[in-house]
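Working notes for the structure below.
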Amino acid sequence: DAGVTQSPTHLIKTRGQQVTLRCSPKSGHDTVSWYQQALGQGPQFIFQYYEEEERQRGNFPDRFSGHQFPNYSSELNVNALLLGDSALYLCASSFGTSGVNEQFFGPGTRLTVL
Amino acid sequence: DAKTTQPNSMESNEEEPVHLPCNHSTISGTDYIHWYRQLPSQGPEYVIHGLTSNVNNRMASLAIAEDRKSSTLILHRATLRDAAVYYCILRDEYNFNKFYFGSGTKLNVKP
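Protein chains in written order, with our numbering: chain H, 1 to 114; chain C, 1001 to 1111.
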């Protein structure tokens, strides 16, 4: 079992650009959630995808959008990048949408915005 | 949203027990208490969770106060591999958006 995988590992972009991050959930999981983790802080919930729809959303602007594919993999898109978007972006998968279910996290994508 | 309060850092000696406290005075009846930890350069990993009763698993024990306003994660014998940031999180079964990590407790384990 490969667990949750994310690509790329690292990414450098400039202000105003757009970025797409990818996530493959753990085998058997159907729900993907995305988090942003700034340096020295805990992860902040961005949104959750289930059955190819956004089900829950945290306090993030519309510049952050996502997609879930029929195979349950997911993408996180960020438009009009700001310096403050520099962070570790974590993907987590689980079975079902309940807040009680254990989440499995990937290693993250480190995004640097210059 | 119900939030948690944890000490910024704690230190332990290897092979000794560690008690990591967490206060959650505004916890609601449907909130589960979860603990995750994040090792350096890794994503968070699940440790344990509970609702009202104390819980044990192969990694740790969770002691929950009778009024549920606080809890303690217990590592019975700390190892160097347990050095990580430990997050105490309240999670509502129905409202996923209440998932709030906070800053966690950084545990340092001395050999």
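All residues carry an ideal CB built from backbone N, CA and C; glycine is no exception.
Neighbour flag for ASP1082 of chain C against chain H, beta carbons, 8 Å: no
Cutoff 8 Å: LEU21 of chain H Cβ touching any chain C Cβ: no
Under 7 Å by beta carbon: chain C residues contacting PHE95 of chain H: Within chain C, no residue comes near PHE95 of chain H; the closest Cβ sits about 13 Å away, beyond 7 Å.
Element boundaries [beta strand (DSSP E), containing VAL1085 of chain C]: 1084-1092
PRO43 of chain H versus THR1026 of chain C - alpha carbon distance: 21 Å
Per-residue burial, ALA38 of chain H [other beta carbons within 10 Å of its own, 16 or more giving buried]: exposed
Residue-chain proximity (ARG1091 of chain C, chain H), Cβ-Cβ < 8 Å: yes
CB contact below 8 Å: PRO1017 of chain C versus chain H: no
Neighbourhood of ALA87 of chain H by C-beta distance below 7 Å, restricted to the same chain and skipping five residues each side: GLN36, GLN37, ALA38 and LEU111
Whether ILE1186 of chain C touches LEU1090 of chain C by CB criterion (8 Å): Chain C is shown from 1001 up to 1111; residue 1186 of chain C falls before or after that span and cannot be answered.
Nearest-angstrom Cβ-Cβ length linking PRO1040 of chain C and SER1070 of chain C, presumed shorter than 8 Å: Wrong, their Cβ atoms sit about 28 Å apart, outside the cutoff.
Identity of the residue in C:GLY1043, C:GLU1045, C:TYR1046 and C:LEU1073 nearest VAL1055 of chain C by Cα: C:LEU1073
Residues near ILE12 of chain H by beta carbon distance below 7 Å, same chain, minus five either side: THR112 and LEU114
Under 9 Å from the C-beta of PRO25 of chain H: neighbouring residues of chain C: Those within 9 Å of PRO25 of chain H in chain C number zero; the least Cβ separation is about 13 Å.
Length-filtered (3 minimum) beta strand (DSSP E) runs lying within the stretch 36-93 of chain H: 44-50, 53-57, 64-68 and 74-78
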